[in-house]
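Residue numbers (this note's numbering): 778 to 929.
We treat Cβ as the ideally placed atom computed from N, Cα and C, and that holds for glycine.
Reading through the structure tokens given below for one structure.
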Ligand code: CUA
């Protein structure tokens, strides 16, 4: 059997290392249990904005983006709330960005994106559109207003 060329050996060893790194990184990413936004299938698309209270500290926000506003535009929740944001668009592609909470979603017609955010601190959290969507893009804003409940 003819000897293997040394450069072939190098290629094989390098390929093996890269392959192992790849498999390792895929397994690592899967086990990290990181909170990736979900993409919910088209046939469940909603069209009406809605805020649902699940319990005292759990809310669902069904946000609708359209030229050039978000609905609901003001979302009032108590401190410590966990909010599931569902995001869709009625027209073009918009963005759904809450910089302080590292939320960065796209609002796409016929599609729903979802993420979950916990608001531990009181304050006003701006929601902005960060996909250029036309002449009124810069005025697309909404707010999450996190308050300390009055009865506590
Ligand atoms: Cu909507 Cu930019």
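Which of helix, strand or coil does DSSP assign to residue 805? The residue given as residue 805 occupies position 28 in the chain shown. Helix.
Counting pairs of beta carbons, one from the region 844-851 and one from the region 912-921, are three or more of them closer than 8 Å? At 8 Å Cβ cutoff, the stretches touch.
Look up residue 894 in the DSSP assignment and give the residues it is bridged to. By 1-based counting over the chain shown, the position of residue 894 is 117. Per DSSP, 860.
In angstroms with no decimal places, state the Cα-to-Cα distance between residue 864 and residue 882. Walking along the chain shown from the start, residue 864 turns up at place 87. Walking along the chain shown from the start, residue 882 turns up at place 105. Going by the C-alpha atoms only, they are around 8 Å apart.
Run the proximity test for residue 842: is its beta-carbon closer than 7 Å to any non-hydrogen atom belonging to the ligand CUA? One-based indexing of the chain shown puts residue 842 at position 65. Checking the Cβ of residue 842 against the ligand CUA gives yes.
By alpha-carbon positions, which one of 895, 839, 910 and 874 ends up nearest to residue 904? The sequence position of residue 904 within the chain shown is 127, counting from 1. Here the closest residue by C-alpha is 874.
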